[in-house]
DNA sequence: GCCGAGCATGCGCGGCGCGCATGGCTTCCA
DNA sequence: TGGAAGCCATGCGCGCCGCGCATGCTCGGC
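Protein chains in written order, with the numbering used here: chain A, 37 to 347; chain B, 37 to 347.
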C-alpha cells in the first residue's frame, strides 16, 4: 500500500469515475486504474464495482474508505504542522535551568521573547548541573541556564550572560548583620546551614579550609525555603548566590577574601544545528540589558550595600 | 512522503541507530539514510540529531513522531481489517426486502444463516419495488427479496424461492367468509380497502375490470395494521398476499378465476461479483426447505382451507 | 449501426530506490 | 599513539516499477 494508491482511491471514491479521478489526481487514467487494481489485489477483493455510469464502492471499499481518509488526514496534518514549524509559527523551546538559578533575572527576558514570538511555547524545567548537561546532550532540552564558576566541558558552547556574587545570608540578629562585608576567615567555627543542591559549596569549603575557616554544618535541605527558614530562625549562616535570597526577612552581606562569583551562561550543544527558535532566543539573550551588566565591574568592594541597591 | 519513509522513520525512532534501524526495516543502511534525508528535506529541517552513540530525535522529529505513528497504525489496521474480511471473519450483508414481504417466512432462514456465520452482520431494510432495484444497482444493498408476478429486468438475476397466493381478506361477518373461495367477478361493486404499497393491485385491478368487476375503493393506507383494522371493522374486503395477513381475527379466502400468484425471489445484480457472505446466503436460501415448497403445486383448487392449513 | 463513454491492456521509457563499495569521522583500546 | 571498529554519508550502476501513449474491448444512446 503506497501513498499514491491512497490518494487515487480517495479521488475515485469521490468521483466514482476513473477518468475524472485520474484528472483530479493529475495522472493518466491507466495509471490510476492499475493503482486501484494493485490495492484490490493486496486486499483480496474488489474495492469498486465497475459499471460504467454506475461505478460505485463495493462493500469492501466502503469499509476501507474511513481508514484511507484517516491516513490522508494524518498525512496532510503532518505536512501542515511541519510547514508551520518552518515558519516559526508554532514551536516549543525547552530550556533547562539549574535549580540554584532563580527566575528573577530571567522573567523579563522570557516575557520579552514570548511577546516577540507569540507562537513559541516556552518550557522551563529545572535540574542539577550534571543532569542538565545530560539532558542537553540527549536533546531533551535545547538550551540550559548554567551557573558555575567554570563553564561546562568542550562538548558544549556557552554564552556568558552576567556574573553573580555569592553572599553570606543571616538573620537580622546575627552578628554578621552588623558588618558591611564578611571575610572568609570570620566564618571559622560558625554554624552553617547547607543547601543540598549547591554545586559550588564543595569547592568553596576547600577554599575556606585553606584560609583556616572550618564551618560547622548544622542543617541540610534540598529546599531553599526550608534552608532560608532555618537561617531566619537563627540556626546559622547560609551561603547563597546573591539573587537566590528570596526571603525579605533575611540579611545578606558580601563575602570577601576571597570573593566567590559565578557566571550565568546560556549553554547549547557544540556543533548541533538548532531550530530558529533557539537562534532567536540566543540573539535576544545576548542583546538583553542584564541589570548588573555595566556596573558590576565598577562596584566598589567596600560598599556592597550601595552596589546591591542597584540590583 | 511515502509509506517506506514512514516505516523507516519509525524504525529509526525506536533504535536511534541507522544501521540497526535498517536491519529492522530489511534494507541497507544507505537506503534508510537517504529516505530520512528525503523526509528532512521535505519537512525543511532535521528529524534526528546524528551524534554517533547519542543519535536522537530532534524537536521537529519529536513533533512528527505521533503523526507517523498514527499513519502506521491506520495502515496496519486497514490491512488487518481487509484480512479478516477475506476470511469472512467480519462482514455485513445488506438485504433489502419489499415492504409487502413479511418476516414470517424468512426468520428461520435468517436465524440459521446467522448461526452458521456468526461474524456476518445481517442488515435488512425494506422499501418499495422500484427503490429496491435502484439501491441494488447502486450497491447499497447486495441482495433483495423481491415479490412480483414477474421478475425484475435483465440487469438482475433472480433466484425463485417460493410462490405465494393472493387472497381476499374480510371480517368474519362479511358474506365472503361463508364461501370456500371468492371468484373475481364476485368482487364487482364490493367495498375495497386498499394497501397503498401494494405494487400488484394496479395490475390486478385491470384484470378485475376485464372480467367486469369494478370495485369501490373506500380506504387507503400505507400501513398494513390500519388496513387490517378497517377490514376487521367491516369496512370492506382487502387484497393481500396470503402470508401478509397477520391479524388472527381476519378471515381470508382464495381468490380464483383467475388466481393471482407472486413469486418471492432473491435478486442480485447480474454479473456483479459478490462477497463470500452473499454467496453463502444464496446457497443457504436455495437449499432451505420453504414451507410451501413441495405441496403448493399439489394444492387442490377447490379446497383452499385444507391447503392453507399446511402453511 | 455508428459513435462516444468508460475502463483495461500492451509497450517502451525514465526516474528512483536499491545494494555494494567506500570515505570521513569519532571513539575505544592496547 | 596508532590501529580497529562503529557510525553515518556518498558515489555508482542496476533493475524495477510506475508512468504516459496508444489501443482494445464492451456497453449504451441516438
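All C-beta atoms in this analysis are idealised placements derived from N, C-alpha and C, irrespective of residue type, glycine included.
Bear in mind that the values here come from a model prediction, so they are computed numbers and not experimental data.
> In whole angstroms, what separates the C-alpha of residue 138(B) from that of residue 109(A)?
Replying inline: Here the question's residue 138(B) lines up with position 102 in the second chain. Here the question's residue 109(A) lines up with position 73 in the first chain. The alpha-carbon atoms of residue 138(B) and residue 109(A) are separated by roughly 44 angstroms.
>> Measuring alpha carbon to alpha carbon, tell me which residue in 301(B), 165(B), 257(B), 246(B) is nearest residue 193(B).
In response: For this step, residue 193(B) is matched to residue 157 along the second chain. Distance check between residue 193(B) and each of 301(B), 165(B), 257(B), 246(B) places 301(B) closest, using alpha-carbon atoms only.
> Does the beta carbon of residue 93(A) sit closer than 9 angstroms to a beta carbon anywhere in chain B?
Replying inline: Taking the first chain and counting its residues from 1, one reaches residue 93(A) at position 57. Proximity of residue 93(A) to chain B, defined by a Cβ-Cβ separation below 9 angstroms, is satisfied.
> What does residue 79(A) touch in chain B if you count any residue whose Cβ is under 7 angstroms from its own?
Replying inline: Position 43 of the first chain holds residue 79(A). Residues of chain B passing the Cβ test: 118.
>> Looking at the secondary structure, which residues open and close the beta strand (DSSP E) in which residue 223(B) lies?
In response: Here the question's residue 223(B) lines up with position 187 in the second chain. Counting along the chain, residue 223(B) sits inside no beta strand (DSSP E), nor does DSSP assign it H or E at all.
> Residue range of the beta strand (DSSP E) that residue 200(B) falls in?
Replying inline: In the second chain, residue 200(B) corresponds to position 164, counting from 1. Segment 192-206, the beta strand (DSSP E) holding residue 200(B).
>> Quick check on DSSP: helix, strand or coil for residue 42(B)?
In response: Taking the second chain and counting its residues from 1, one reaches residue 42(B) at position 6. Residue 42(B) falls in the helix class under three-state DSSP.
>> Mapping the DSSP letters down to three states, classify residue 37(A) as helix, strand or coil.
In response: Residue 37(A) sits at position 1 when you count from the first residue of the first chain. Coil.
> To the nearest angstrom, how far is it from the Cα of residue 83(A) to the Cα of residue 64(A)?
Replying inline: The count along the first chain starts at 1 and reaches residue 83(A) at position 47. The count along the first chain starts at 1 and reaches residue 64(A) at position 28. If I take the Cα positions, the gap works out to 20 angstroms.
>> Would residue 294(B) pass as an interface residue toward chain A - the criterion being a Cβ-Cβ separation below 9 angstroms?
In response: Against the second chain, residue 294(B) aligns to sequence position 258. Not one chain A Cβ lies under 9 angstroms of residue 294(B).
> Ends of the beta strand (DSSP E) at residue 290(B)?
Replying inline: For the purposes of this step, residue 290(B) is taken as the residue at position 254 of the second chain. Residue 290(B): member of the beta strand (DSSP E) spanning 287-292, first to last residue.
> Where do the N-terminal and C-terminal ends of the alpha helix (DSSP H) with residue 263(B) fall, by residue?
Replying inline: For the purposes of this step, residue 263(B) is taken as the residue at position 227 of the second chain. 260-268 is the extent of the alpha helix (DSSP H) around residue 263(B).
> For residue 304(A), which of helix, strand or coil comes out of DSSP?
Replying inline: The residue given as residue 304(A) occupies position 268 in the first chain. In the structure shown, residue 304(A) sits in a strand (DSSP, three-state: E or B).
>> So the candidates are 71(A), 58(A), 80(A), 135(A); which of them puts its Cα closest to the Cα of residue 259(A)?
In response: The residue you call residue 259(A) lines up with position 223 of the first chain. Ranking 71(A), 58(A), 80(A), 135(A) by Cα distance to residue 259(A) puts 135(A) first.
>> Between which residues of its own chain and residue 206(B) is the CB-CB distance below 6 angstroms, once the five residues before and five after are set aside?
In response: Within the second chain, numbered from 1, the residue matching residue 206(B) stands at position 170. Excluding sequence neighbours, residue 206(B) sits near 212, 213, 273, 287.
>> I believe residue 289(B) touches residue 156(B) by the beta-carbon criterion, under 8 angstroms. Please report the beta-carbon distance rounded to the nearest angstrom.
In response: Along the second chain, one-based indexing puts residue 289(B) at 253. Along the second chain, one-based indexing puts residue 156(B) at 120. About 41 angstroms separates the beta carbon of residue 289(B) from that of residue 156(B), a gap too long to meet the 8 angstroms contact definition.
>> Is there a Cβ of chain A sitting closer than 9 angstroms to that of residue 346(B), yes or no?
In response: Mapped onto the second chain, residue 346(B) falls at position 310. Reliability of the predicted coordinates at residue 346(B) is poor, the pLDDT of 29 falling under 50, and no value is obtained from them.
> Looking only at C-alpha atoms, which of 292(A), 95(A), 69(A) sits nearest to residue 218(A)?
Replying inline: What you label residue 218(A) is simply residue 182 of the first chain in a count that begins at 1. Comparing alpha-carbon positions, the option among 292(A), 95(A), 69(A) lying closest to residue 218(A) turns out to be 292(A).
>> Quick check: the Cα distance between residue 142(A) and residue 238(A), rounded to an integer number of angstroms?
In response: In the first chain, residue 142(A) corresponds to position 106, counting from 1. In the first chain, residue 238(A) corresponds to position 202, counting from 1. For residue 142(A) and residue 238(A), the distance between alpha carbons rounds to 26 angstroms.
>> Can you find the residues in the same chain that come closer than 8 angstroms, C-beta to C-beta, to residue 99(A), ignoring five residues on each side of it along the sequence?
In response: As a working mapping, residue 99(A) is identified with position 63 in the first chain. Shown here for residue 99(A): not one same chain residue has a beta carbon closer than 8 angstroms to its own, the five before and five after excluded.
>> Looking only at its chain, what residues have a beta carbon closer than 8 angstroms to the beta carbon of residue 210(A), apart from the 5 residues adjacent to it on each side?
In response: As a first step, residue 210(A) must be located in the first chain, where it is residue number 174. Correct list, in chain order: 270, 273, 287.
>> Under 9 angstroms, Cβ to Cβ, is there at least one residue of chain A near residue 175(B)?
In response: Counted from its first residue, the second chain places residue 175(B) at position 139. It does: the Cβ of residue 175(B) has a partner Cβ on chain A nearer than 9 angstroms.
> Taking a cut of 8 angstroms between CB atoms, which residues from the stretch 85-116 of chain A lie near chain B?
Replying inline: Going along the stretch 85-116 of chain A in chain order, one finds 85, 87, 90, 92, 93, 94, 95, 96, 99, 100, 103, 104, 106, 107, 110, 111, 113, 114, 115 with a Cβ nearer than 8 angstroms to chain B.
>> Could you compute how far the alpha carbon of residue 250(A) sits from the alpha carbon of residue 261(A)?
In response: Position 214 of the first chain, counted from the start, is the residue given in the question as residue 250(A). Position 225 of the first chain, counted from the start, is the residue given in the question as residue 261(A). Between residue 250(A) and residue 261(A), the alpha-carbon positions lie close to 25 angstroms from each other.
> What residues in its chain sit with their C-beta under 6 angstroms from that of residue 47(B), if we drop five residues either side in the sequence?
Replying inline: The residue you call residue 47(B) lines up with position 11 of the second chain. Excluding residues within five positions, the ones whose Cβ falls inside 6 angstroms are 57, 60, 61.
>> Can you pull the chain A neighbours of residue 167(B), defined as C-beta to C-beta under 8 angstroms?
In response: Translated into positions along the second chain, residue 167(B) becomes position 131. By Cβ distance, chain A contributes nothing, its closest Cβ being about 15 angstroms from residue 167(B), past 8 angstroms.
> Do the CB positions of residue 183(B) and residue 200(B) come within less than 9 angstroms of each other?
Replying inline: The sequence position of residue 183(B) within the second chain is 147, counting from 1. The sequence position of residue 200(B) within the second chain is 164, counting from 1. Result yes, Cβ atoms of residue 183(B) and residue 200(B) sit closer than 9 angstroms.
>> Between residue 39(A) and chain B, is any beta-carbon pair separated by less than 9 angstroms?
In response: Taking the first chain and counting its residues from 1, the one referred to as residue 39(A) is at position 3. Output row for residue 39(A): interface = yes.
> Taking a cut of 9 angstroms between CB atoms, which residues from the stretch 250-267 of chain A lie near chain B?
Replying inline: Residues of the stretch 250-267 of chain A with a Cβ closer than 9 angstroms to any Cβ of chain B: none.
>> Distance cutoff 9 angstroms, beta carbons only. Does residue 178(B) sit that close to anything in chain A?
In response: Taking the first residue of the second chain as position 1, residue 178(B) is located at position 142. For residue 178(B), a Cβ of chain A is located within less than 9 angstroms of the residue's own Cβ.
> What separation, rounded to the nearest whole angstrom, lies between the Cα atoms of residue 196(B) and residue 306(B)?
Replying inline: Counting from one through the second chain, the residue named residue 196(B) turns up at place 160. Counting from one through the second chain, the residue named residue 306(B) turns up at place 270. In a straight line, the C-alpha of residue 196(B) is about 15 angstroms away from that of residue 306(B).
> Taking only runs of the alpha helix (DSSP H) that begin and end inside the stretch 56-117 of chain A, which ones reach a length of at least 4 residues, in chain order?
Replying inline: If we require 4 residues or more, the alpha helix (DSSP H) runs fully inside the stretch 56-117 of chain A come out as 65-79.
> Using 9 angstroms as the limit for Cβ to Cβ distance, is residue 188(A) near chain B?
Replying inline: As a working mapping, residue 188(A) is identified with position 152 in the first chain. No, because no Cβ of chain B sits closer than 9 angstroms to the Cβ of residue 188(A).
>> So if DSSP puts residue 252(A) in a beta bridge, which residue, or which two residues, is it bridged to?
In response: For the purposes of this step, residue 252(A) is identified with residue 216 of the first chain, where counting begins at 1. Its beta-bridge partners are 227(A).
> Going along chain B, which residues have a C-beta under 9 angstroms from residue 306(A)?
Replying inline: Position 270 of the first chain, counted from the first residue, corresponds to residue 306(A). Correct list: empty, because the minimum Cβ distance to chain B is about 11 angstroms.
>> For a test of the three-state rule: what should DSSP assign to residue 161(B), helix, strand or coil?
In response: The residue you call residue 161(B) lines up with position 125 of the second chain. The answer is strand: DSSP assigns residue 161(B) an E or B state.
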